[in-house]
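Mapping to full-length UniProt numbering: the sequence shown position 162 is 162, numbers consecutive. By construction, the Cβ of each residue, glycine as well, lies at the ideal position given by its N, Cα and C atoms. Reviewing the structure listed below.
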Amino acid sequence: MKGILITVILTIVSTLSFAQKTSKDSIIEPFKIEDRLISGLDIPRLKLKAHPEREYYQKNIYKGAELSVYILSSETALNEINNFPIDEFVYYINGRADIETKDSTKLTFYSGDYLFVPKGFSGNWTNNGGNKLHLELSVISNKRGDSTKTSIAKNPFLLDQELLSGIGLTKHNSTTYKNIIYSGVELDVFTEAEIPTKKEISENKKEQFIHILNGSLTIRPINSQPQTYYKGDFFILPKGFSGSWEVEGQRLLRILKVISK
């Protein structure tokens with residue numbers, strides 16, 4: 001994944017984009033990541049300059065004001081990584097990732113895992129395709145981090161499964177819970193939970209990648225139709241969004257959220 005991704009992401013991040021509306025008369029709406037893409041469908045094949053024989057697929061699903069989202073898939077392949085140049089959130093959908101860090105630590109990640117790849121990581125990364133091809137969802141910041149800053153984490157790691165399961169949540173106020181899972185050089189990842197309620201959002205300040213962990217959420221942009229999201233859904237709440245946010249849940253709506261610095 002990563003040796004390929006360094007070249008491909010940094011090249012196409014500036015050329016492929018989701019056409020986010022920005023004029024004053026536009027309606028800024030949430031952007032849902034389609035189930036077909038998460039299922040490995042409709043992803044174009046790319047020819048890698050360094051490995052033209054390798055079976056590899058990638059699609060830039062979304063490029064907004066602050067975040068880019070990719071879906072990518074490749075046949076089993078070893079990638080040597082030296083000083084990974086970005087922070088990356090990864091949802092591993094299919095297959096297995098085998099990693100050997102530069103200090104010879106061995107790590108393994110599986111289908112269904114949520115992981116973080118820190119800026120500066122070095123090591124060997126092998127994607128083992130489940131039924132030939134692996135599949136992953138990737139979120140990165142559009143803005144490169146301060147080159148003088150170093151990541152606390154040196155190697156990829158699994159996000160806190162207790163928090164993702166709704167265990168040990170920290171109360172933020174009378175209606176919400178919030179836990180920072182990891183603060184990187186370019187990305188922050190955290191969980192939020194809130195009791196069923198309805199609120200208004202005015203010109204959302206930060207672009208947010210959101211994954212519904214439990215419950216449902218209905219978002220209605222001003223002057224547009226409502227969109228409802230359920231457990232398992234992924235979507236982007238764009239910067240500048242205004243509208244209503246209505247929560248339903250078995251006591252709590254729980255979400256995983258990724259934002260840029």
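Simplified DSSP state of residue i, which is helix, strand or coil
i, result
"Arg144", "coil"
"Pro42", "Per the sequence shown, the amino acid found at residue 42 is Asp instead of Pro. Coil at Asp42, not helix or strand."
"Arg36", "helix"
"Lys24", "Residue placement at Lys24 is poorly supported in this model, since its pLDDT is 45, which falls under 50; the coordinates are not used for a value here."
"Glu192", "strand"
"Glu203", "coil"
"Leu164", "helix"
"Thr228", "strand"
"Glu248", "strand"
"Ser216", "strand"
"Ser158", "According to the sequence shown, residue 158 is Leu rather than Ser. Here Leu158 sits in strand by DSSP."
"Lys49", "coil"
"Lys261", "coil"
"residue 268", "Given that the chain is displayed from residue 1 to residue 261, the structure contains no residue 268 and the question cannot be resolved."
Paired residues, beta bridge with residue i - DSSP
i, result
"His211", "Phe234 and Leu256"
"Pro221", "Gly243"
"Lys59", "Ile71"
"Arg54", "DSSP output for Arg54 lists no bridge partner at all."
"Ser138", "Tyr70 and Val90"
"Glu80", "Asn124"
"Asp98", "Thr108 and Thr126"
"Ile180", "Phe190"
"Val117", "Glu88"
"Leu133", "Glu75 and Gly130"
Selected residue, minimal CA-CA separation from residue i, among the options
i, options, result
"His172", "Ile259, Ala50, Phe190 and Tyr182", "Phe190"
"Thr228", "Ile219, Phe234 and Ile236", "Ile219"
"Ser26", "Ser216, Pro156, Gly130 and Ile222", "Ile222"
"Ile255", "Ile195, Gly145 and Phe84", "Ile195"
"Lys154", "Lys178, Ser216, Asn83 and Lys257", "Asn83"
"Ser183", "Gly215, Phe116 and Glu100", "Phe116"
"Arg144", "Ile43, Glu88, Leu213 and Gln208", "Glu88"
"Leu241", "Glu203, Val139, Leu67 and Asn214", "The residue asked about is misnamed: residue 241 is Phe in this sequence, not Leu. Residue Glu203 is the option with its Cα nearest to Phe241."
"Gly215", "Ala50, Ser224 and Thr197", "Thr197"
"Ile38", "Ser147, Ile71 and Leu187", "Ile71"
"Asn127", "Ile99, Val139, Pro118 and Ser147", "Ile99"
"Glu162", "Arg54, Ile140, Val139 and Leu213", "Leu213"
"Gly187", "Phe31, Ile86, Ala65 and Ile43", "Note on identity: in this sequence residue 187 is Leu, with Gly being the wrong assignment. Taking only the C-alpha atoms, the option nearest Leu187 is Ile86."
"Asp146", "Pro30, Val185, Leu169 and Ala65", "Val185"
"Lys257", "Gly64, Ile201 and Val139", "Val139"
Pairwise C-alpha distance: residue j and residue i
i, j, result
"Asn62", "Gly112", "Looking at the sequence itself, residue 62 is Tyr, so the reference to Asn does not match. Taking the straight line from one Cα to the other gives about 21 angstroms."
"Asn142", "Thr175", "32 angstroms"
"Leu253", "Ala193", "5 angstroms"
"Thr108", "Ala97", "6 angstroms"
"Gly243", "Ile33", "20 angstroms"
"Lys261", "Ser151", "13 angstroms"
"Thr76", "Leu46", "16 angstroms"
"Gln250", "Ile28", "29 angstroms"
"Lys106", "Asn79", "15 angstroms"
"Lys59", "Leu137", "10 angstroms"
"Glu248", "Tyr230", "10 angstroms"
"Leu67", "Leu217", "21 angstroms"
"Pro226", "Asp233", "15 angstroms"
"Tyr177", "Asp35", "28 angstroms"
"Ala50", "Tyr56", "12 angstroms"
"Trp125", "Ile81", "7 angstroms"
"Leu48", "Arg54", "7 angstroms"
"Ser104", "Pro156", "13 angstroms"
"Pro118", "Leu169", "24 angstroms"
"Glu246", "Tyr110", "33 angstroms"
Whole-angstrom C-beta distance between residue j and residue i, which should lie under 8 angstroms
i, j, result
"Ile236", "Val69", "7 angstroms"
"Leu158", "Ile93", "Not really, about 15 angstroms apart at Cβ, beyond 8 angstroms."
"Lys149", "Gly123", "Going by Cβ atoms, the distance from Lys149 to Gly123 rounds to 20 angstroms, so no, they are not a contact pair."
"Ser74", "Gly40", "Contact doesn't hold; Cβ gap of about 12 angstroms is too wide."
"Lys206", "Lys239", "6 angstroms"
"Leu164", "Tyr114", "6 angstroms"
"Gln208", "Ile167", "That belief does not hold up - the Cβ atoms of Gln208 and Ile167 are roughly 23 angstroms apart, past 8 angstroms."
"Gly130", "Gly95", "4 angstroms"
Any chain C beta carbon closer than 8 angstroms to residue i
i, result
"Gln250", "No chain C is part of this structure, which consists of one protein chain only."
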